[in-house]
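Numbered by this note's numbering, the letters in the sequence shown go through residues 1 to 177 in order.
Ideal placement from N, C-alpha and C gives every residue a C-beta, glycine not left out.
On a predicted model such as this, the values are computed, not experimentally measured, just so you know.
Below is one structure; the comments refer to it alone.
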Amino acid sequence: MKQQLIAVILGTDQAGILSDIATLVSESECNILDSRHAIYGQEFSLTMIIEGSHTAITRVELSIPELCQRRDLLSILKRTREHTKQNLTHLYDVEFNGVDNPGQILAVTRFFADQHVAISAFRQTTAVDESTGHKMMRFKLVVNIPDDVHLAEFQYRLELLCKVLHLTGKIVDKHKG
């Protein structure tokens, strides 16, 4: 029976690190089912789900920390099971703009949680508007809207949230552009 392992690796971005990790997984007779890699300045994060036999997963569990120690990286490992690929057919970009005020991100993320909509990615930027002196923010999310969520109703609720928060917002189907 196949076993699965979630691995999270963090550290300073280094040439060849992804190749080293992929080689380690392959040499342990496992497969990478899914992964996400991000670079933040000089730092990177990698999250992946690995699958293999019980023996192969144990080999990976012992090998990844050794590699991370040699490369001065942090790792977190957790066994899991029955991974299913994320349904990417209902992905939407959602963007908000406006004056930056405390609590806006909390309200928005709570809104999505209450609607049972998963946030796949999140990015926020801020800048001072030279003409007004206000700190302006823009944040963008990638969300996966389940089949049972009525899109028109969802958009209406999103518009109401924007009004309450004094933001402008839009939602764009990633598959329709």
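Worksheet item: Are the region 43-54 and the region 12-27 in contact at 8 Å, needing three or more beta carbon pairs?
Response: Taking one beta carbon from each stretch, the region 43-54 and the region 12-27 have 3 or more pairs nearer than 8 Å; the two touch.
Worksheet item: Just checking, does the region 6-14 make contact with the region 28-45 on the three C-beta pairs under 8 Å criterion?
Response: Touching, per the Cβ criterion.
Worksheet entry | Sequence ranges, alpha helix (DSSP H) only - wholly within the region 23-106, length at least 4 | Qualifying alpha helix (DSSP H) stretches, in chain order: 54-71.
Worksheet item: Where does residue 92 land, buried or exposed, given buried means 16+ other C-beta within 10 angstroms?
Response: Burial call: buried.
Worksheet item: Are the beta-carbon atoms belonging to residue 20 and residue 67 less than 8 Å from one another?
Response: Yes.
Worksheet entry | Residue ranges of each beta strand (DSSP E) within the region 96-159, 3 or longer | Those beta strand (DSSP E) runs which fall completely within the region 96-159 and span 3+ residues are 118-128, 135-144.
Fill in: Segment limits, beta strand (DSSP E) that includes residue 11
Boundaries of the beta strand (DSSP E) around residue 11: 3-12.
Worksheet item: What residues match up with residue 173 in a beta bridge as DSSP calls it?
Response: Answer by DSSP bridge pairing, in chain order: 92.
Discussion item. So residue 54 and residue 3 are supposed to be a Cβ contact under 8 Å. How far apart are they, rounded?
Written reply: Their Cβ separation, rounded to whole angstroms, is 5 Å, which keeps residue 54 and residue 3 in contact under 8 Å.
Worksheet item: Excluding sequence positions up to five away, which residues of its chain have a Cβ less than 6 Å from the Cβ of residue 139?
Response: The beta carbon of residue 139 is closer than 6 Å to those of 96, 124 in its chain, skipping five residues each way along the sequence.
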